[in-house]
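Engineer: I'd like to ask you about the structure that follows.
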Amino acid sequence: MKGTFRARSVESAALRTLHPQIEESGKGECLLDSGSMICSISYTECQKRNIAYDPEFRIDMESANGSIERTLGLARNVEFNF
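If you count the sequence shown from 1, you need to add 1374 to reach the numbering used here.
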């Protein structure tokens, strides 16, 4: 594995919904979570929008309830226009 990074939210915060242009594949629905240290996208959205990711760089994410899950990889330079 190339790299490991553990992301953890400092505190729970209110969520807001945004609708940015993602890459050149159309608008998407996003949740803005000011308590999160990373941006994430679902596997289904990656497939639908043809967004490649590096499966060698996985991130351990800790949720507000303390459970830990590992991401599928890291997508680099994904363009979001708000």
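Don't be surprised by glycine CBs; every beta carbon is placed ideally from N, CA and C.
Roughly how many angstroms lie between the CA atoms of Glu1419 and Gly1409, to the nearest whole one?
Structural biologist: Your numbering for residue 1419 matches position 45 in the sequence shown. Your numbering for residue 1409 matches position 35 in the sequence shown. Rounded to the nearest angstrom, the two C-alpha atoms are 22 Å apart.
Engineer: Compare the C-alpha of Ser1457 against each of Gln1421, Gly1440, Asp1434 and Ala1438 and name the closest.
Structural biologist: Nothing in the structure corresponds to residue 1457, since the chain is present only between 1375 and 1456.
Engineer: Can you tell me where the beta strand (DSSP E) holding Arg1444 begins and where it ends?
Structural biologist: Locating residue 1444 in the sequence shown gives position 70, where the first residue counts as 1. Looking at the DSSP string, the run of the beta strand (DSSP E) that includes Arg1444 is Ile1442 to Arg1444.
Engineer: Specify, as a first and last residue, the run of the beta strand (DSSP E) that Arg1423 falls within.
Structural biologist: In the sequence shown, the residue the question calls residue 1423 occupies position 49. Premise fails: Arg1423 lies in the alpha helix (DSSP H), Tyr1417 to Arg1423, not in any beta strand (DSSP E).
Engineer: Kindly list the residues whose CB is nearer than 6 Å to the CB of Gly1402, restricted to its own chain and excluding five residues on each side of it in sequence; keep chain order.
Structural biologist: Taking the first residue of the sequence shown as position 1, residue 1402 is located at position 28. The answer, listed in chain order, is Ile1396.
Engineer: Taking just the CA atoms, how far does Ser1437 sit from Arg1390?
Structural biologist: As a working mapping, residue 1390 is identified with position 16 in the sequence shown. As a working mapping, residue 1437 is identified with position 63 in the sequence shown. Taking the straight line joining both Cα atoms gives about 17 Å.
Engineer: Give the straight-line distance between the Cα atoms of Asp1434 and Arg1444, rounded to the nearest whole angstrom.
Structural biologist: Walking along the sequence shown from the start, residue 1434 turns up at place 60. Walking along the sequence shown from the start, residue 1444 turns up at place 70. For Asp1434 and Arg1444, the distance between alpha carbons rounds to 4 Å.
Engineer: Measuring alpha carbon to alpha carbon, tell me which residue in Leu1448, Asn1455, Ser1441 and Ala1426 is nearest Ile1412.
Structural biologist: The residue labelled residue 1412 in the question sits at position 38 within the sequence shown. It is Leu1448.
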